[in-house]
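As given, the protein sequences belong to chains B and G, one line each in that order. Adding 3 to a residue's 1-based position in the first sequence gives its number in our numbering. Adding 260 to a residue's 1-based position in the second sequence gives its number in our numbering. Backbone N, C-alpha and C fix where the C-beta goes; we use that ideal spot for every residue, glycine too. Predicted model, so just to flag it, every value in this text is computed and none were measured.
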Amino acid sequence: MNSIVPDSSFTARSIAENVQSGEWSAVEVLEGYLSQITQHESEINAFNTVLEEEARATARETDKDIAAGKTLGPLAGVPVALKDNLCTNGIRTTAGSRILENWKPPYDATVVQRLSAAGATVIGKTNMDEFAMGSSTENSAFGPTRNPHDLSCVPGGSSGGSAAAVAAGFAPISIGSDTGGSIRQPASLCGVVGVKPTYGSVSRFGLLAFASSLDQIGPFANTVRDAAIVHEVIGGHDPKDSTSISEPFPSFLDDLERGVEGLKVGIISELMGGIDGISPEVIQKTREAASVLSENGALIEEVSIPASLYCLSAYYLIAPAEASSNLSRYDGVRYGLRVSGETLAEMNINTRTEGFGDEVKRRIMLGTYALSAGYFDAYYGKALKVRRLLAENFDEVYSKYDVLLSPTSPCTAFKLGERTADPMTMYVNDVCTIPSNLVGHPAISVPFGSGNDGMPIGVQVLAPPMQEALMYRVASTLESAEK
Amino acid sequence: MTNNGLKDDWELIVGLEVHVELGTRTKLFCGCVNQFGDEPNTNVCPVCLGLPGSLPVVNEKAVTYAMQIGRALNCSVNRSVFARKNYFYPDMPKDYQISQYDQPTNTDGYLELPSGVKIGIERAHIEEDTGKTVHVGSSGRISGSDYSLVDYNRAGVPLIEIVSNPEIRTIEQAKEYVEELRGILLALKVSDAKMEEGSIRVDANVSVRKAGEDELRTRCEIKNVNSLRSLGRAIEYEAKRHIDLYENGESPSQETRHWDEGDGRTRPGRSKEDAEDYRYFQEPDLVPLNPNSQMIEIIDEELPSFPSERRKQLAALTEMEIIEVALIVERGHDDFASATIHAGATPQTVIKYLTNNLSDGFGELSPTAFAALIQMEEQAELTSTQAKKILGKLVEQGGTPKEIADQSGLKAIDTDELENLVDQLIASHPEEWKRFCGGEKKVQGFFVGEIMKSTRGQADGKVINQILNERTTN
Numbered sequence: 004m005n006s007i008v009p010d011s012s013f014t015a016r017s018i019a020e021n022v023q024s025g026e027w028s029a030v031e032v033l034e035g036y037l038s039q040i041t042q043h044e045s046e047i048n049a050f051n052t053v054l055e056e057e058a059r060a061t062a063r064e065t066d067k068d069i070a071a072g073k074t075l076g077p078l079a080g081v082p083v084a085l086k087d088n089l090c091t092n093g094i095r096t097t098a099g100s101r102i103l104e105n106w107k108p109p110y111d112a113t114v115v116q117r118l119s120a121a122g123a124t125v126i127g128k129t130n131m132d133e134f135a136m137g138s139s140t141e142n143s144a145f146g147p148t149r150n151p152h153d154l155s156c157v158p159g160g161s162s163g164g165s166a167a168a169v170a171a172g173f174a175p176i177s178i179g180s181d182t183g184g185s186i187r188q189p190a191s192l193c194g195v196v197g198v199k200p201t202y203g204s205v206s207r208f209g210l211l212a213f214a215s216s217l218d219q220i221g222p223f224a225n226t227v228r229d230a231a232i233v234h235e236v237i238g239g240h241d242p243k244d245s246t247s248i249s250e251p252f253p254s255f256l257d258d259l260e261r262g263v264e265g266l267k268v269g270i271i272s273e274l275m276g277g278i279d280g281i282s283p284e285v286i287q288k289t290r291e292a293a294s295v296l297s298e299n300g301a302l303i304e305e306v307s308i309p310a311s312l313y314c315l316s317a318y319y320l321i322a323p324a325e326a327s328s329n330l331s332r333y334d335g336v337r338y339g340l341r342v343s344g345e346t347l348a349e350m351n352i353n354t355r356t357e358g359f360g361d362e363v364k365r366r367i368m369l370g371t372y373a374l375s376a377g378y379f380d381a382y383y384g385k386a387l388k389v390r391r392l393l394a395e396n397f398d399e400v401y402s403k404y405d406v407l408l409s410p411t412s413p414c415t416a417f418k419l420g421e422r423t424a425d426p427m428t429m430y431v432n433d434v435c436t437i438p439s440n441l442v443g444h445p446a447i448s449v450p451f452g453s454g455n456d457g458m459p460i461g462v463q464v465l466a467p468p469m470q471e472a473l474m475y476r477v478a479s480t481l482e483s484a485e486k
Numbered sequence: 261m262t263n264n265g266l267k268d269d270w271e272l273i274v275g276l277e278v279h280v281e282l283g284t285r286t287k288l289f290c291g292c293v294n295q296f297g298d299e300p301n302t303n304v305c306p307v308c309l310g311l312p313g314s315l316p317v318v319n320e321k322a323v324t325y326a327m328q329i330g331r332a333l334n335c336s337v338n339r340s341v342f343a344r345k346n347y348f349y350p351d352m353p354k355d356y357q358i359s360q361y362d363q364p365t366n367t368d369g370y371l372e373l374p375s376g377v378k379i380g381i382e383r384a385h386i387e388e389d390t391g392k393t394v395h396v397g398s399s400g401r402i403s404g405s406d407y408s409l410v411d412y413n414r415a416g417v418p419l420i421e422i423v424s425n426p427e428i429r430t431i432e433q434a435k436e437y438v439e440e441l442r443g444i445l446l447a448l449k450v451s452d453a454k455m456e457e458g459s460i461r462v463d464a465n466v467s468v469r470k471a472g473e474d475e476l477r478t479r480c481e482i483k484n485v486n487s488l489r490s491l492g493r494a495i496e497y498e499a500k501r502h503i504d505l506y507e508n509g510e511s512p513s514q515e516t517r518h519w520d521e522g523d524g525r526t527r528p529g530r531s532k533e534d535a536e537d538y539r540y541f542q543e544p545d546l547v548p549l550n551p552n553s554q555m556i557e558i559i560d561e562e563l564p565s566f567p568s569e570r571r572k573q574l575a576a577l578t579e580m581e582i583i584e585v586a587l588i589v590e591r592g593h594d595d596f597a598s599a600t601i602h603a604g605a606t607p608q609t610v611i612k613y614l615t616n617n618l619s620d621g622f623g624e625l626s627p628t629a630f631a632a633l634i635q636m637e638e639q640a641e642l643t644s645t646q647a648k649k650i651l652g653k654l655v656e657q658g659g660t661p662k663e664i665a666d667q668s669g670l671k672a673i674d675t676d677e678l679e680n681l682v683d684q685l686i687a688s689h690p691e692e693w694k695r696f697c698g699g700e701k702k703v704q705g706f707f708v709g710e711i712m713k714s715t716r717g718q719a720d721g722k723v724i725n726q727i728l729n730e731r732t733t734n
């Protein structure tokens, strides 16, 4: 097994503290990460764009500001890698697609603005499954990303580049997007922390949409605390996103180490063997995690979320339906790729035929079909009913339990090419993560040991909406036990 | 025109879809300026250009305007959601239009025409406008054009689409409906409502049926109607086309057709084969609009008075029929009429003057001066010709009618004097008088003309005629 994971890494927290105090210079910190990228990026392919010069300029500014006595934000001098579906002003933003290969947005996403305002240094744009559609980062137009723990394995996806970047020591933190598990599943496969925040708690303004009602931006980090710090930086109301929650969140950090004494934790029985395809070793690790919580004073019980049986089906109607509409704008008229044709329609068709990869086309067709007159009620309409039913299931369970526990990914990282032939085997990767997206609740994947193949396994902590503080507390307890 | 120019046993059925551009300062989902006629592609941003990653945020003012329009059309204002209408077109930046579908803001209202007929309003919903495409080349259409240019300044401009029930039965009603709607929009100050500039766009759903039938037959939607006159012509053409088809044993197919003003006919647009499936679904980037009853109460309290109400008020004040005062209200002259009446003028005379002599406005004329003028005429101090002359001067320069009458030496000759003049004229022209008494009407003109000449126009023609007629019976 060919691993390039560094033995130890700095946390974002320690970098920011040392840069702010003048102990370390932001440029030195950056150069450390850039040299790791220089050494190993050709093996990993975590990035679509490495912003060496831009990052150096930012780091120099940071050092200048510190020298001038300024107090920077909680991410002072911290390099951050951004998934390539987040708009960066004047910097190409591809969403892993040929159709946007050279597109440069004229504006920054809200999260990018907030990271910069907090003192962070954008180090690059990370590889991803095209338009975030996939679970292995093999659907990128720019080649697959490899898992830093084993270069013959996938890093998961769709935010595989962001997960691999943190695992490979290319950046202490990164940002991804999660529509059906696209942060948590690669976090699990790459042995890092990954968070899908409450829907509406992080602005989607500037995120290239896949499925708008499910998409949520969130952090990757080496520690739960770092993830919480980044979440606090990027979160909060944004008037540019109408679905953004306006109430303020309590601090995620204050109670982080308070432990789980007295908390009621439910284990989702459907994801512990109730649904086929979840590997026994993953289930075993999840049970061990439950024991850790129990040892720390939490009450553990099995709970049932019956509608979780239909989540995968519902998701693969709702997400493609929204995607079919969201991706219409890539028509060759205004920006991105244009492949000419005799007529307007021909130009549209040629552009989309050449510009989109197979998985994207598959989902556009699925979604178009699901929304068509005559099929709407049978497919999209029914999927929405599952979604409502699922929300009722969760409400009921959360009336008795504080948080829920489940596996993140049904298996450890698989080999490149192993699952590309049959889309259905790929879709099953999302079975544990999709429920949180469908109901808009937060969930986190925390590394918790490894499988027989030596590859990382993550467990998932799910919490009610806006209850991230609780979620981070439980995750922090699991993290301490794992170390 | 009897039965809209249609054969007697056919009935015309029309429903109108009116798109109104709201006069908000900014667009529906972004902060770009909403302005007609600017340099192309200058009022644009990532949101209205639909750039990847951009998100819409709804303009509160546009929603308020929408609810005001709804209440003015007697609609119920509901919890509403936005929906995406998906279809590809270059002037639509996202290749979907944000509109409303199964849960529109306003439903179930009506519009009352001056004739008293109420036309049901099915819905009035909010949507965004598209950009504007200009096809450059000989044809002016997309097929055969050399290239096309798109201006996105209009993309994202707020629109209200007002859909009537198919309850319009005559071409006149269709025109009245649009006029009446314009009056309401202008009173609300929510749109400049100019049909020529496209801030009101009217599509007509036209069908016909045999008198007495209950079922509606196949309709065609007529687009590209840019004036009230075109609307009338297009409906008439389309109805006749349907009747011809039916009478030849054929029937029209449901389709969108474009009115060609030059040729005076409608032509098919998209054919039935590629009829669009818009795949509507709830817009996930926006949250539902949920007005509470208090908001609606405030809107109701602040509504201005509308043409239908103003017509009723003026009709009551003048003791005339609604239809007789409709034009005054349509011109917005009803306040002036009321003020003149309250200053002591006879209502019917006020309406007559406003209708016939003051269509272009009042200039410097005040209601008091106007009332004084009418009184002078009615008390025979002025002939009607004189009164009209003075009215013209009052509009030009203001002042009182008395001043102007004195200055210009305008004064009606009193009847005694006029009788003397007539008698003298009869005496000096016995031959003509004989012919007049013999019923030769054209000789009347001779007598009136002579009197007018000798009085330099100061005499009242009516009075002269009266005297002449009295003399024949004596």
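Asked	Found
Report the residue from Glu427(G), Asp351(G), Asn334(G), Cys335(G) whose alpha carbon sits nearest the alpha carbon of Val377(G).	Glu427(G)
Rounded to whole angstroms, how far is the Cβ of Met350(B) from the Cβ of Ser138(B), which I believe are closer than 8 Å?	No, Met350(B) and Ser138(B) are not in contact; Cβ-Cβ is about 33 Å, not under 8 Å.
Does the beta-carbon of Ala471(G) have 16 or more other beta-carbons within 10 angstroms, so that it is buried, or is it exposed?	exposed
So, is the C-beta of Ala193(B) closer than 8 Å to a C-beta in chain G?	Looking at the sequence shown, residue 193(B) is not Ala but Cys. No, its Cβ sits nowhere closer than 8 Å to a Cβ of chain G.
Quick one: Cα of Val723(G) to Cα of Thr675(G), how far?	7 Å
By how many angstroms is the C-alpha of Gly99(B) removed from the C-alpha of Ser479(B)?	33 Å
Extract the residue ranges of the alpha helix (DSSP H) inside the region 97-166 of chain B, only unbroken runs of 4 or more that lie entirely within it.	113-120
Under 8 Å, with one C-beta from each stretch per pair, do the region 423-437 of chain B and the region 162-175 of chain B reach the 3-pair mark?	no
To which residues of the same chain is Asn455(B) closer than 8 Å at the C-beta, ignoring the five residues directly before and after it?	Glu284
According to the neighbour-count rule (16 or more other Cβ atoms, all chains shown, within 10 Å of its Cβ), is Lys128(B) buried or exposed?	buried
Based on DSSP bridge pairs, tell me the residues matched to Asn346(G).	Tyr356(G)
When the distance is taken between beta carbons, is Ala597(G) closer than 8 Å to Ile611(G)?	yes
Does Glu533(G) come within less than 8 Å of chain B when only Cβ atoms are used?	Annotation note: pLDDT 46 at Glu533(G) (below 50); position unreliable, coordinate value reported separately. No, Glu533(G) lies away from the interface with chain B (no Cβ there is under 8 Å from its Cβ).
Select from the region 307-339 of chain G all residues with a C-beta closer than 9 Å to any C-beta belonging to chain B, and list them in chain order.	Val307, Leu309, Gly310, Leu311, Pro312, Gly313, Ser314, Leu315, Pro316, Val317, Val318
Please report whether the beta-carbon of Asp87(B) lies at a distance below 8 Å from any beta-carbon of chain G.	no
Chain B beta carbons: is any one of them nearer than 8 Å to that of Pro300(G)?	no
How far does the alpha helix (DSSP H) with Thr609(G) in it reach, from first residue to last?	607-617
By how many angstroms is the C-alpha of Gly238(B) removed from the C-alpha of Ala121(B)?	12 Å
Note down the Cα distance separating Leu642(G) from Thr715(G), rounded to an integer number of angstroms.	13 Å
Rounded to whole angstroms, how far is the Cβ of Arg539(G) from the Cβ of Pro528(G), which I believe are closer than 8 Å?	About 24 Å separates the two Cβ atoms, so there is no contact after all.
Counting only beta-carbon atoms, is Arg517(G) nearer than 8 Å to chain B?	no
Counting only beta-carbon separations shorter than 8 Å, does Asn51(B) have a partner in chain G?	no
Assess contact between the region 33-53 of chain B and the region 169-183 of chain B, defined as three or more Cβ pairs (one per stretch) separated by less than 8 Å. Is contact present?	yes
Compare the C-beta of Glu277(G) with all C-beta atoms of chain B and state if any pair is closer than 8 Å.	no
Could you tell me if Met489(B) is buried or exposed, where buried requires 16 or more neighbouring beta carbons within 10 angstroms of its beta carbon?	Look at the range of chain B in this structure, 4 to 486, and you will see that residue 489(B) is not part of it.
Report yes or no: is there a C-beta of chain C within less than 8 Å of the C-beta of Tyr370(G)?	Any reference to chain C falls outside this structure, whose protein chains are B and G.
In the structure shown, what three-state DSSP assignment does Tyr36(B) receive?	helix
Could you check what DSSP says for Gln42(B) in three-state terms: helix, strand or coil?	helix
For chain G, check one thing: does any of its Cβ atoms lie closer than 8 Å to the Cβ of Lys243(B)?	yes
So for Pro450(B), helix, strand or coil by DSSP?	strand
What is the DSSP secondary structure of Gln287(B), reduced to helix, strand or coil?	helix
Would you say Thr289(B) touches the ligand SAH, meaning its beta carbon is less than 7 Å from a heavy atom?	No copy of the ligand SAH appears in this structure; indeed no ligand is present at all.
Could you pull the start and end residues of the beta strand (DSSP E) that Gly221(B) belongs to?	219-224
Since Asn413(G) and Asp298(G) should fall inside the 8 Å C-beta cutoff, what is the C-beta to C-beta distance between them, to a whole number of angstroms?	6 Å
Whole-angstrom Cβ separation of Ser331(B) and Tyr356(G), contact assumed at under 8 Å?	6 Å
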